[in-house]
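Take 293 as the starting number for the sequence shown in this note's numbering and just add one per residue.
Some notes on the structure that comes next.
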Amino acid sequence: MDLLKDSLILLTRIVTILPLVLIMTLFMGRRSIGELPIFDFLILMSLGAVVGADIADPKVEHIHTAIAIVMIAIFQKIIAYFKIHSRSFGKRLHLNQLLSLKMVHF
Numbered sequence: 293m294d295l296l297k298d299s300l301i302l303l304t305r306i307v308t309i310l311p312l313v314l315i316m317t318l319f320m321g322r323r324s325i326g327e328l329p330i331f332d333f334l335i336l337m338s339l340g341a342v343v344g345a346d347i348a349d350p351k352v353e354h355i356h357t358a359i360a361i362v363m364i365a366i367f368q369k370i371i372a373y374f375k376i377h378s379r380s381f382g383k384r385l386h387l388n389q390l391l392s393l394k395m396v397h398f
């Protein structure tokens with residue numbers, strides 16, 4: 293009986309939190325993984341950690357997870373706005389791409 297109750301709680305948490313993550317991800321904007329700047333990649337990893345903690349640990353309050361997801365999405369939108377509208381701010385947050393191969397001989 294305990295296993296069934298825990299499974300239903302877990303299913304409820306998954307069904308409620310994943311649509312919120314989808315909505316917030318669409319709110320933040322669509323990009324392919326190859327085009328992600330480092331900051332957006334870190335935001336994505338943070339979202340995954342927050343959602344994973346919510347699903348894996350029932351001691352984590354569900355509402356706090358939802359608030360954290362919304363706050364992370366809003367924070368990302370604010371930073372993206374400033375990166376677009378302030379060139380100097382955008383340059384500070386942008387990491388230059390590294391050239392992995394300088395010369396290739398076959």
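C-beta atoms are modelled at their ideal positions from N, C-alpha and C, and glycine is treated no differently.
Going by DSSP, V362 is part of the alpha helix (DSSP H) stretching over H354 to H377.
Residue environment: V307 is assigned as exposed (fewer than 16 neighbouring CB atoms within 10 Å of its CB, all protein chains considered).
Scanning its chain for C-beta atoms nearer than 6 Å, with the 5 sequence neighbours on each side dropped, one finds around F374 the residues F381, in chain order. Straight through space, the alpha carbons of E353 and A372 are spaced by roughly 29 Å. For G340, the enclosing alpha helix (DSSP H) stretches over residues I330 to A348.
The shortest C-alpha to C-alpha distance from M320 to any of L300, G344 and L339 is the one to L339.
Between R322 and L310, the alpha-carbon positions lie close to 17 Å from each other. Here DSSP, grouped into helix, strand and coil, assigns R322 to coil. DSSP places K351 outside both helix and strand once states are collapsed to three, so it counts as coil. M293 carries a coil assignment under DSSP once its states are collapsed to helix, strand and coil.
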